Amino acid sequence: MRRWYLRLLMWLAHGYYAVARGMTMGVRAACFDGEGRVFLVRHSYLPGWHLPGGGLDRDEASIDGLLRELREEGNLEVSAPPVLIQVYYNRRTSRRDHVVFYRCDGVSQSAPKTPDLEISESGFFALDALPDDTTPATRRRLAELAGGIAIDRYW
1 MRRWYLRLLM WLAHGYYAVA RGMTMGVRAA CFDGEGRVFL VRHSYLPGWH LPGGGLDRDE
61 ASIDGLLREL REEGNLEVSA PPVLIQVYYN RRTSRRDHVV FYRCDGVSQS APKTPDLEIS
121 ESGFFALDAL PDDTTPATRR RLAELAGGIA IDRYW
């Protein structure tokens, strides 16, 4: 049994690091349906087509946040456990942002996603027929998964 003062010390240390070294973390996934098509979203507030995902909430594990984001952004259902690919440092967003990236195969959509305040368009696309304005980061992640380029550490 741990002593109470060690638990208190650990709690204080975690509080200090959250302030002194706070970072943000999000999740994204390359979601492939049974035909090998990838699911992409167009946000109402960002240009281009992106892999689905978003920020993690407090007290939320990355896998839980991923499944929540996939439901919210695309009505997506995952039939097999997502596979962790990489945790990227996203220095383009801020000096403290990280993206946990997964691959999901056998993904299905329970219903077409109705556009809303966050997602203006979404759909499955063949890898050789991605929309012209698919973001460079999305294209890099897909090339990494295909083995065309090495997996980077920066988003």
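Read in the UniProt record's numbering, the sequence shown has 123 at position 123, and its numbers run on one by one without any break.
The beta-carbon is built from N, C-alpha and C at its ideal position, and this holds for glycine as well.
Note that the structure is predicted; figures quoted are calculated from it, not measured.
Give every residue of the same chain whose Cβ lies closer than 7 Å to the Cβ of Arg96, excluding the five residues on either side of it in the sequence, and list them in chain order.
Gly22, Met23, Thr24
Start-to-end residues for the alpha helix (DSSP H) that takes in Asp64:
62 to 74
Cα-Cα, which of Ser79, Ser122, Gly53 is closest to Arg28?
Gly53
Looking at the structure shown, is Glu35 part of a helix, part of a strand, or coil, going by DSSP?
coil
Are there 16 or more other CB atoms within 10 angstroms of the CB of Ser62, so buried, or fewer, so exposed?
buried
N-terminal and C-terminal residue of the beta strand (DSSP E) that Arg103 is part of
97 to 104
Is Leu8 buried or exposed, if buried means 16 or more other CB atoms sit within 10 Å of its CB?
exposed
When you compare only the Cα positions, how much space is there between Leu130 and Gly74?
17 Å
In the DSSP output, what is Glu77 paired with across the bridge?
Ser108
Identify which residue in Gly34, Trp155, Glu77 has its Cα closest to the Cα of Ser94.
Trp155
Beta bridge counterpart(s) of Trp49 as assigned by DSSP:
Arg42, Thr134
So Phe101 packs on Val38, CB below 8 Å; how close in whole Å?
Actually they are not in contact, since the Cβ atoms of Phe101 and Val38 sit about 13 Å apart, beyond 8 Å.
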